[in-house]
Amino acid sequence: MKTIEVDEDLYRFIASQTLHIGESASDILRRILKVDAGQPVQTTPPARESVSVSKVPAARSRDVVRELLLSDEYAEKKKSVERFMSILSTLYSLNSESFAKTTEAMHGRTRTYFAGDEQTLLASGNHTKPRHIPGTPFWVITNTNTDRKRSMVEHVMQDMKFPANVIEKVCGTI
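By this note's numbering, the letter at position 57 of the sequence shown is numbered 710, and the numbering carries on one by one without gaps.
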């Protein structure tokens, strides 16, 4: 067995493709690349085949968002704030670096929308009703109208390079 170094984003992508506990990185890559265990690995793609690694995470992101919207758990959320929190949590899980970069710069005229702690949001305005975004180190204000929540999600998704039709579908569910 050989050891290789991969960039953090590639490591997260490989880890996110795990189907069951104990699945090795080699097993995951074999499944993704459609290479059987005894089969020789082709080192160059066939001439007619176009390989684009950058498209894999984008397609996966769309699939994860689609799965969220179609899930029973999401459908059971009756309040827009609950759907808003679920979407933010999912977006963070897809690309924590992009999420952090985008939310760091998001704020209103007088309010900070996202922060790493509740106190920062409480200090940015009266009645902000900060809530912790599950599965993230972030907090978000929730005392905004539904259109503002949609706008916040739209901004994050645009920065994460989601297609306009996917953004529209997601925002329409809030």
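Every residue, glycine too, gets a C-beta built ideally from N, C-alpha and C.
Exercise. When DSSP labels each residue in this structure, what does F815 get in the three-state scheme?
Worked result: Coil, per DSSP.
For this session: Identify whether H780 lies in helix, strand or coil by the three-state DSSP scheme.
Result: coil
For this session: Quick one: using the 10 Å Cβ neighbour count with 16 as the cut-off for buried, is R736 buried or exposed?
Result: buried
Problem set entry | C-beta atoms of S714 and F791 nearer than 8 Å | no
Exercise. Under 8 Å between the Cβ atoms of V793 and Y766?
Worked result: yes
For this session: Would you list the residues sitting across from F767 in a DSSP beta bridge?
Result: V793
For this session: In angstroms with no decimal places, state the Cα-to-Cα distance between T619 and G778.
Result: Nothing about residue 619 can be read from this structure; the chain reaches only from 654 to 827.
Exercise. Just checking my contact of S749 with I786 at CB under 8 Å: how many whole Å lie between their CB atoms?
Worked result: Not really, about 11 Å apart at Cβ, beyond 8 Å.
For this session: Take the Cβ of E729 as the centre, count every other Cβ of all protein chains shown within 10 Å, and call the residue buried at 16 or more, exposed below.
Result: exposed
Exercise. What are the residues that DSSP puts in a beta bridge with H785?
Worked result: W792
Exercise. If you follow the alpha helix (DSSP H) that T677 is part of, which residue opens it and which one closes it?
Worked result: Correcting the residue type first, residue 677 is Ser in the shown sequence and not Thr. Looking at the DSSP string, S677 is not in any alpha helix (DSSP H), and its letter there is neither H nor E.
Exercise. Expressed to the nearest angstrom, what Euclidean distance is found between the alpha-carbon atoms of K687 and V717?
Worked result: 21 Å
For this session: Measure the beta-carbon distance from E746 to G788 and round it to whole angstroms, keeping in mind my assumption that it falls under 8 Å.
Result: The amino acid at residue 746 is misidentified as Glu; the sequence shows Ser. Yes, S746 and G788 are in contact; Cβ-Cβ is about 6 Å, under 8 Å.
Exercise. Below 8 Å between beta carbons: does that hold for S739 and D812?
Worked result: Taking 8 Å as the Cβ cut-off, S739 and D812 do not qualify as a contacting pair.
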